[in-house]
Structures are given as structure tokens and as C-alpha cells.
Amino acid sequence: MTSGERRLAERLEAKLDDDYLLWYDVPMGPRNTHPDFCVVHPRRGILVLEVKDWKLSTIQQADKQNWEIIPDGIPKTVINPLEQARQYAHQVVKALERDAQLVQPDGPHAGKLAFPWSYGVVFTEITRKQFEDAELQHAIEPHRVLCKDEMLEGVDAEALQSRLWDMFPFMMRGVMSLPQLDRVRWIMFPEVRVQQGALFDDNDADTDLPDIMRVMDIQQEQLARSLGEGHRVIHGVAGSGKTMILGYRAEYLAQASTASSKPILILCFNEPLGVKLHSVMTTKGLGGRVHVRHFHRWCRDQLVAYGQTLPDSRMQVSAMMDDMVHRVITAVDRQQIPSGQYQAVMIDEGHDFAPEWLKLVTQMVDPNTNSLLVLYDDAQSIYERARNKQFSFKSVGIQAQGRTTILKINYRNTKQILQTASLVAADLLTAEDKDDDGIPLLKPISCGRDGEAPLIIRLPSLRDEAFAIADEMGNAHQEGHAWGDMAILCHDYFTMDLCAKALEQRKLPFNVRKRAGDFNPRANAIQIMTMKVSKGLEFPVVALPGVGHMPAAGEDEQEAARVFYVAATRATHRLVLTMSGDGGFGNRLSNAS
1 MTSGERRLAE RLEAKLDDDY LLWYDVPMGP RNTHPDFCVV HPRRGILVLE
51 VKDWKLSTIQ QADKQNWEII PDGIPKTVIN PLEQARQYAH QVVKALERDA
101 QLVQPDGPHA GKLAFPWSYG VVFTEITRKQ FEDAELQHAI EPHRVLCKDE
151 MLEGVDAEAL QSRLWDMFPF MMRGVMSLPQ LDRVRWIMFP EVRVQQGALF
201 DDNDADTDLP DIMRVMDIQQ EQLARSLGEG HRVIHGVAGS GKTMILGYRA
251 EYLAQASTAS SKPILILCFN EPLGVKLHSV MTTKGLGGRV HVRHFHRWCR
301 DQLVAYGQTL PDSRMQVSAM MDDMVHRVIT AVDRQQIPSG QYQAVMIDEG
351 HDFAPEWLKL VTQMVDPNTN SLLVLYDDAQ SIYERARNKQ FSFKSVGIQA
401 QGRTTILKIN YRNTKQILQT ASLVAADLLT AEDKDDDGIP LLKPISCGRD
451 GEAPLIIRLP SLRDEAFAIA DEMGNAHQEG HAWGDMAILC HDYFTMDLCA
501 KALEQRKLPF NVRKRAGDFN PRANAIQIMT MKVSKGLEFP VVALPGVGHM
551 PAAGEDEQEA ARVFYVAATR ATHRLVLTMS GDGGFGNRLS NAS
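Listed below in C-alpha cells is the structure:
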């Protein structure tokens with residue numbers, strides 16, 4: 001910001017009420033224009049402001065079209081700043097008028113915006129008296145100008161707001177509804193769109209807008225745009241858009257980096273989520289600058305790249321994974337594997353990373369950028385390694401105090417799906433005392449999106465459950481859902497095999513994910529996988545068989561409830577639960593039947 005722009009931002013933040021929205025230097029609309037400020041108020045409308053730090057001596061000559069200025073001792077001709085603001089505003093209005101829900105449906109102003117809009121200029125170094133003495137009112141309408149002495153620190157809030165709204169044509173009337181406000185933000189700021197089933201929205205501005213839109217709340221939008229340097233933690237509930245913010249941040253940093261910059265690393269625990277994120281980055285053309293790996297694959301890559309010995313392949317898988325991590329940690333400590341390899345490191349599913357993993361990965365950030373982002377959600381911590389080892393972020397080198405953002409709103413699930421998931425896992429979502437990092441366990445708040453109640457089917461056997469789910473998947477496809485929109489999430493491999501056989505007999509396309517490399521996010525097939533590895537993914541239609549057999553014999557009930565909660569919240573529109581017998585979580589779900 002220039003000094004004048006910073007001053008104006010401070011005044012607007014201090015003097016405008018909480019129901020105002022304010023953007024500074026943000027690309028707006030389909031043409032990505034960059035007005036200095038955009039102010040939005042549901043009852044007032046949209047105001048575009050152009051800011052000039054010119055002194056009166058800078059302006060040599062002015063008319064309604066062009067101004068001659070000498071900013072640095074060199075004369076130049078520029079467009080009238082009010083005309084500049086008008087052009088920005090008109091480009092925004094044209095985009096908004098393409099949406100039938102934002103315009104007057106009939107009458108003399110049919111097709112025009114249903115709420116006010118205007119534009120103006122702020123002179124941060126010219127007083128009102130100087131403006132009048134120089135007779136600048138002949139070049140620019142005086143009521144469309146805010147002057148230096150009208151935006152001083154001691155200015156009355158009502159007086160400042162009055163100056164802004166005097167910039168509007170007198171006859172303009174109308175109030176924005178909340179859905180209209182969401183649609184305005186959707187059109188004006190494409191980067192903050194949240195589209196179901198995708199991390200990013202690639203729709204062209206000319207395509208039809210969806211009837212039901214979900215737009216990030218103000219906190220998320222500010223976060224996505226303004227994450228500064230240093231270590232940051234986003235602590236959010238399931239479905240709050242953490243992964244989408246991570247993707248946006250990675251894209252932003254990649255586009256801002258130079259050819260000589262170090263790459264950006266995204267790490268997650270679950271291999272399918274890593275595959276999905278890698279696919280998204282590759283589609284965006286960022287595969288060379290943004291490296292996406294699940295943690296153990298990254299550890300193996302490090303050992304191979306720097307000539308370190310790999311673990312014995314005859315070891316048990318869990319022991320081999322632990323040994324591989326230990327070898328990387330030791331090699332970094334001995335400087336056989338270099339630290340600071342990445343411009344930025346972003347950790348998805350941070351709640352499933354052991355403390356020593358976090359300490360290792362933190363060392364991979366280039367100290368010149370010191371850019372680390374960790375996503376965290378206690379309620380989704382379904383692996384004992386992180387939950388059973390109490391630690392603070394500070395103890396593993398993450399400077400999180402004062403740099404933690406909390407997201408409470410669940411956008412992914414309908415109220416009905418979230419309520420059903422919470423019936424089983426309610427005791428997991430009770431706020432606890434804050435830890436050393438000042439982070440409480442969060443109870444999710446629904447965004448209020450309604451949908452159909454989850455379907456709960458009781459049957460005599462697991463085999464019957466598998467065939468009932470196959471039939472439900474067939475029905476969903478007939479209703480318009482693609483096969484790739486569906487997933488069957490199972491507690492164990494035995495149930496997965498039963499479901500695969502049922503789908504095969506019904507001649508429905510499916511893909512079974514039992515090991516790394518089996519998951520293809522672009523395949524148009526019903527995905528069958530374990531509940532645990534589904535974490536981080538989402539599907540419009542999800543079926544959970546075997547709920548009546550959870551928890552399994554000898555399994556901790558709270559652990560099973562966490563796994564169930566994660567699996568149930570993968571569903572964005574339709575959730576099918578099947579159970580045989582009256583045991584397990586069936587009793588808890590009886591309230592939802």
C-alpha cells in the first residue's frame with residue numbers, strides 16, 4: 001500500500017460498522033480488474049474507490065477526460081481518476097447484471113442491478129479547501145470525492161460514512177439479500193468459490209451460476225488472501241475448507257515464485273488424499289513447482305535421492321515405515337540429507353503427524369522464507385501416534401502462538417449428515433481445556449445447508465448389506481450421480497470384499513483401494529476403500545456398511561467412533577448406513593431412524 005492507501009484502510013476499518021465488507025487491491029470480476037478499494041454493504045450497495053496520493057502541486061491541468069500531472073518531475077497525461085473508477089465499477093456491474101437473481105425482474109429498470117452501486121475518488125493529500133480553490137470541481141464532481149481532511153483519525157464515523165454514500169446517485173434504492181450478497185462475492189471474487197466435489201472452481205465467467213452456491217465465509221476469505229510469512233496453523237472442523245485454503249495458498253505462492261525459487265511441498269498422511277491433491281496441482285500446470293506427497297512416500301524419496309540405505313523390505317509394514325522415518329531424521333541431523341529444501345511446506349492432516357514427524361518437516365522450510373502452514377483437526381485424529389503423545393507446537397519447532405486461525409463452520413455436509421455423524425461421535429466434539437498452544441477442541445457448526453436424511457437400513461447379514469448398498473448405488477446413478485461421485489467406506493477388508501462382489505454381480509463399475517497406487521481420483525467408478533484412508537476426500541454419495549459391527553472386538557469404542565465420524569462426514573449430499581443385528585453403533589443411531 002501507499003501511505004495514503006494505508007491511512008484510508010485504517011480509517012475505513014475503524015469507522016465503518018461491522019456489517020460492511022471491504023476489499024483492497026483484489027482482482028475483481030472476469031477481467032481481474034484491480035480497483036484500489038471496494039466497499040460493500042447490504043443496505044447501501046457497492047462502492048468502488050480509486051485512491052490518489054497526489055499533492056495539489058502534482059496536478060498541472062485537469063479536465064473531465066485527462067489530467068496532466070508531474071509525479072516525479074516528469075510530466076505525463078493520465079485518465080481522469082473518476083473516469084478510472086467509473087470504468088472499474090462498470091466492468092463489475094456488467095458481470096453482476098448477467099445474473100438474473102441480481103437484477104430488477106421487470107419495470108422501467110428491468111435488467112439493471114436490484115441494489116445501488118457507485119464509484120468515487122479519494123485524495124489523501126488534498127484538503128477540501130484546496131480542491132475548491134483549485135476549481136477541480138470542474139473536472140470531477142465534488143460529491144464523488146473524499147479529501148484528506150475528511151479522513152483524519154478524529155473524523156466522526158457518521159460523517160465519513162455520509163461522505164461515502166453521498167457518492168451514490170440520489171434515486172438509487174434497493175437492499176441486497178444474503179443470498180444476493182453471496183452471489184455478488186461469487187462473481188466479483190472467483191478465487192473464493194467453493195464448488196462441490198472440487199478443490200477449485202474452473203468455470204468460465206460466462207457459464208451459468210449454480211442455483212445452490214456455497215461461498216467461503218469472511219474469515220476463510222481473509223485467511224486465503226492474507227496469510228503472511230512465518231508459521232501458520234489453521235485449526236478447523238471437518239468440512240470447513242482447510243484443504244481448499246491450502247490448495248489456494250500453494251497456487252498463490254507458486255504463481256508468485258520465480259524460476260529460481262525452491263519448490264513448494266504439500267505433505268499429507270493418507271495416500272489417496274495425496275493422489276487427489278497431486279492431480280489437482282498437475283491439472284493447474286503446477287506439478288513442477290508444487291510437490292505433493294504422502295509422508296512416507298516423501299521419506300522414501302529423501303532416502304533414495306541422497307543415497308541413504310532403505311529399510312529391510314522383509315520387515316513388517318508398520319515397522320518398516322517407522323524405520324524409514326527414523327533413517328530420514330538421523331540423516332538430516334547428520335546433514336546427510338539437507339534441511340531447508342523447500343520455499344514453503346504445507347501439512348494437511350497435521351493431527352495425524354507424530355511430533356517427531358512435525359519436527360522433521362519443519363526443518364525442511366527454507367529459513368529465508370520461513371513459510372510453514374499446518375492444518376489441524378483433533379476430531380479427525382484417527383491414528384494413535386499423534387493423539388497419545390501430548391505435545392505443543394512450540395516443542396517441535398512450530399511457532400504457532402498468535403498465528404492460529406480457527407474455522408468452526410462445516411460447509412461440506414448437510415445438517416442432516418452432520419447430525420447423524422455427531423450422534424455416534426458426540427462425546428468427541430466436546431470442548432476441552434486449551435493446550436499450550438491455546439487451541440481448544442472444536443464442535444462444528446453447520447452452515448445450514450439442508451438435505452435428505454441419511455438412509456439407515458437394518459438387514460440380517462453383512463452380505464445383505466453389501467447387496468442393499470449396490471442397489472442404492474444403482475438408484476443414485478439413475479438419479480444422475482456419476483459412478484465417480486460414489487464411495488463405499490468399510491471398516492475392514494472383509495467388508496470391502498463383500499461389497500466388491502455385490503457390485504460385480506450387479507455389473508456396476510468399481511475400484512477397490514487396498515494398497516498405495518490403487519486409487520485414481522479421475523476414474524468414473526464407485527470407490528471402495530477403508531474408512532481410515534478416506535480421510536481428506538469427499539463424495540456426493542457415501543455408503544457405510546457394517547456399522548452394527550463397530551467397534552470391532554477388542555477395538556476401543558472412542559477410536560471406532562472417530563473413524564465413523566470421519567467416514568460419515570465424507571458425504572456431501574447422501575449418506576447410506578447399513579447394519580445387521582442390533583449391536584455396535586446401531587443403538588446410538590436409532591434416534592436418526
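Under full-length UniProt numbering, the first residue of the sequence shown is numbered 1, with each subsequent residue one higher.
Backbone N, C-alpha and C define an ideal beta-carbon position, used for all residues, glycine too.
In the DSSP secondary-structure assignment, SER118 is bridged to LEU47. Annotation note: the segment 32-112 contains the following uninterrupted beta strand (DSSP E) runs of length 3 or greater, listed N- to C-terminal: 37-41, 45-52, 59-62, 66-69 and 76-79. Within the model, the alpha-carbon separation for GLU538 versus LEU49 is close to 40 Å.
Distance from the CA of VAL512 to the CA of LEU407, rounded to the nearest whole angstrom, comes to 33 Å. Per DSSP, the continuous beta strand (DSSP E) segment holding CYS490 begins and ends at 486-490.
Residue state for GLY285 is assigned as coil, using DSSP reduced to three classes.
Assignment of beta-bridge partners to MET28 by DSSP yields THR33. At a Cβ-Cβ threshold of 8 Å, VAL122 and LEU113 do not count as neighbours.
VAL547 is positioned such that its CB atom lies closer than 8 Å to that of MET579.
Of the candidates HIS296, GLU251 and THR77, the residue whose Cα lies closest to the Cα of VAL280 is GLU251. HIS549 has no beta-bridge partner at all, per DSSP. For ALA453, no alpha helix (DSSP H) segment is defined, and its DSSP state is neither H nor E.
Apart from sequence neighbours up to five positions away, the residues of its chain that approach CYS38 with a beta-carbon distance below 6 Å are TRP23 and VAL48, ordered along the chain. When DSSP states are grouped into helix, strand and coil, PRO272 belongs to the helix group. Across the set ASP333, VAL328, ALA354 and VAL365, the C-alpha of VAL365 shows the shortest separation from the C-alpha of GLY340. Contact check between the segment 461-474 and the segment 503-510: three or more CB pairs, one atom from each, fall below 8 Å, which counts as touching. Taking each of ASP53, ASP156, ARG128 and VAL184 in turn and checking the Cα distance to LEU21, the smallest one comes out for VAL184. Taking all protein chains in view, the Cβ of TYR119 is crowded by 16 or more other Cβ atoms within 10 Å, so the residue is classified as buried. The straight-line gap separating the alpha-carbon atoms of ALA159 and CYS147 is approximately 12 Å. Inside the segment 277-331, DSSP marks whole beta strand (DSSP E) runs of 3 or more residues at positions 290-294, from first to last along the chain. Every unbroken stretch of the alpha helix (DSSP H) spanning 4 or more residues and falling wholly within the UniProt domain "UvrD-like helicase C-terminal" (524-579) is given here in chain order: 557-568. Looking at the backbone, the Cα of ASP19 and that of ASP352 are separated by about 38 Å. Residues LEU267 of the same chain have their beta carbon placed closer than 7 Å to that of TRP298, with the five preceding and five following residues left out of the count. Boundaries of the beta strand (DSSP E) harbouring GLY236: 231-236, taken from the DSSP string. Here ASN410 carries a strand assignment [DSSP, helix/strand/coil].
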